[in-house]
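Asks: For reference, the structure I am asking about is given below.
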DNA sequence: CTCAGTGCAAAGGATTTGCATGCCG
DNA sequence: CGGCATGCAAATCCTTTGCACTGAG
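Residue numbers (my numbering), protein chains in the order written: chain P, 3 to 150; chain X, 3 to 150.
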């Protein structure tokens, strides 16, 4: 699994004309371990020896190479996760209070409905559809129990 | 229509303990006229006499009062539109190139599927669902014709 | 050797905030 | 009058950038 992931990442980076440096390897590893979208602060916390600017720069490189996806929620911090090409299509549960983002997968049937309906909806507006994104916004368990 | 909108906005502001000042009236009017989500820069362009800080502040007040919805796309600027309570439930077409946001309505049937599926999906994760948001990301007509 | 990658510090830039003044209720 | 609203300018703070150094190929 991990070996396979490494190979895919290496291939994508190479295709984009970049190296698979140890910092980048670490970033991918942190994201893989996290299993859910995390912020750059979190990355820096778990890998204190990484320079902030390098993390920002490398995540940008990895994003451009299609290895990583940047998630902007409206929370102060952007979140990052492995791109769907390396995982699988999914959506996000976003806590409006603490900003945490976690993954959800729609029932296949619903997803199919969307895939069937969205392209023509976009086309009707002269839009070339690239992808869609569905977020469920609410309050996570921790925030509802801790209350206010 | 407009009179009705005014009344609703006034009521919501009052309920939140705020005044329906002329600046706020103008903001609502700009958003109504726009008919699609716009950025603060656009507001300032069309109403140069409004102070930037007041626009930011008032949009925050209007958002808290449930009159306005802030849309964060990942583009540099946030977009604003009238809240769904004053319009109707809809989603967004986002141009990945120029950042423009426009409204779309899903076929009722698809929307129903979502409404049926999402709550339990969220509940299964200990999440209290507030609302969902579906964005179609692609390239708008202007950007595809102008190309690159 | 060459050039991408790294780290530190400084710059950027949308948004927020402090504070004095204006104005509605 | 009292307190919210407004404007100007300054401060915030996540993110980006400049620049000199390091290291892989």
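Don't be surprised by glycine CBs; every beta carbon is placed ideally from N, CA and C. Quick caveat, the model's predicted, so the values are computed rather than measured.
For residue 78(X), name the three-state secondary structure that DSSP assigns.
Replies: Note: residue 78(X) maps to coil in three-state DSSP.
Asks: Residues bridged to residue 70(P) by DSSP?
Replies: Answer is 84(P).
Asks: Give me the chain X residues within the contact set of residue 134(P), using Cβ-Cβ distance strictly less than 8 Å, ordered along the chain.
Replies: Near residue 134(P) (Cβ distances below 8 Å), the residues of chain X are 136, 137, 138 and 139.
Asks: Relative to the C-alpha of residue 93(P), which candidate in 38(P), 7(P) and 13(P) has its C-alpha closest?
Replies: Nearest of 38(P), 7(P) and 13(P) to residue 93(P), Cα basis: 38(P).
Asks: Candidates 28(X), 118(X) and 98(X): which alpha carbon is nearest residue 144(X)'s?
Replies: Selected option, being the one with the closest Cα: 98(X).
Asks: If you measure from the beta carbon of residue 71(P) to each beta carbon in chain X, is any gap under 8 Å?
Replies: With 8 Å as the cut-off, residue 71(P) does not count as an interface residue toward chain X.
Asks: Please confirm if residue 143(P) has its CB atom under 8 Å from at least one CB of chain X.
Replies: Answer yes: the Cβ-Cβ gap between residue 143(P) and chain X drops below 8 Å somewhere.
Asks: Three Cβ pairs or more, each shorter than 8 Å: is that satisfied between the segment 83-91 of chain P and the segment 98-112 of chain X?
Replies: They do not touch, by the three-pair rule.
Asks: For residue 69(P), count neighbouring Cβ atoms within 10 angstroms of its own Cβ and tell me buried if that reaches 16, exposed if not.
Replies: When all chains shown are included, residue 69(P) counts as buried.
Asks: Residue 116(P) to residue 51(P), Cα distance in whole Å?
Replies: Rounded to whole angstroms, residue 116(P) to residue 51(P) spans 43 Å at the Cα level.
Asks: Thinking residue 71(P) and residue 85(P) are a contact (beta carbons under 8 Å), I'd like their distance in whole angstroms, please.
Replies: So it is a contact: roughly 5 Å between Cβ atoms.
Asks: Closest by CA to residue 127(X), which one among 146(P), 19(P), 33(P) and 35(P)?
Replies: The residue with the shortest Cα to Cα distance from residue 127(X) is 146(P).
Asks: Straight-line CA distance for residue 57(P) to residue 49(P)?
Replies: Answer to the nearest angstrom: the Cα atoms are 10 Å apart.
Asks: Is the segment 129-141 of chain X close to the segment 126-141 of chain P, with three or more CB pairs under 8 Å?
Replies: At 8 Å Cβ cutoff, the stretches touch.
Asks: Which residues mark the beginning and the end of the beta strand (DSSP E) in which residue 135(X) is found?
Replies: Element bounds for residue 135(X): 130-141.
Asks: Quick one: is residue 74(P) buried, meaning 16 or more other Cβ sit within 10 Å of its Cβ, or exposed?
Replies: So residue 74(P) ends up on the exposed side.
Asks: What in chain X is Cβ-close to residue 146(P), meaning under 7 Å?
Replies: The contacting residues are 130.
Asks: The alpha helix (DSSP H) spanning residue 104(P) covers which residue range?
Replies: It is not in any alpha helix (DSSP H) - residue 104(P) instead sits in the beta strand (DSSP E) that spans 103-106.
Asks: Taking the alpha carbon of residue 79(P) as the reference point, which residue from 66(P), 134(P), 100(P) and 10(P) has its own alpha carbon closest?
Replies: Comparing Cα-Cα distances from residue 79(P) to each of 66(P), 134(P), 100(P) and 10(P), the minimum goes to 100(P).
Asks: Using a Cβ cut-off of 7 Å, pull out every chain X residue sitting near residue 98(P), in sequence order please.
Replies: Near residue 98(P) (Cβ distances below 7 Å), the residues of chain X are 132.
Asks: Taking its Cβ as the centre, do 16 or more other Cβ atoms sit within 10 Å of residue 43(X), making it buried, or is it exposed?
Replies: Burial call: exposed.
Asks: May I ask which residues mark the beginning and end of the alpha helix (DSSP H) holding residue 159(P)?
Replies: In the structure as shown, chain P starts at 3 and stops at 150, and residue 159(P) therefore has no counterpart that could be examined.
Asks: Between residue 101(X) and chain P, is the shortest Cβ-Cβ distance under 8 Å, so that the two count as touching?
Replies: Judged by the 8 Å Cβ criterion, residue 101(X) is not in contact with chain P.
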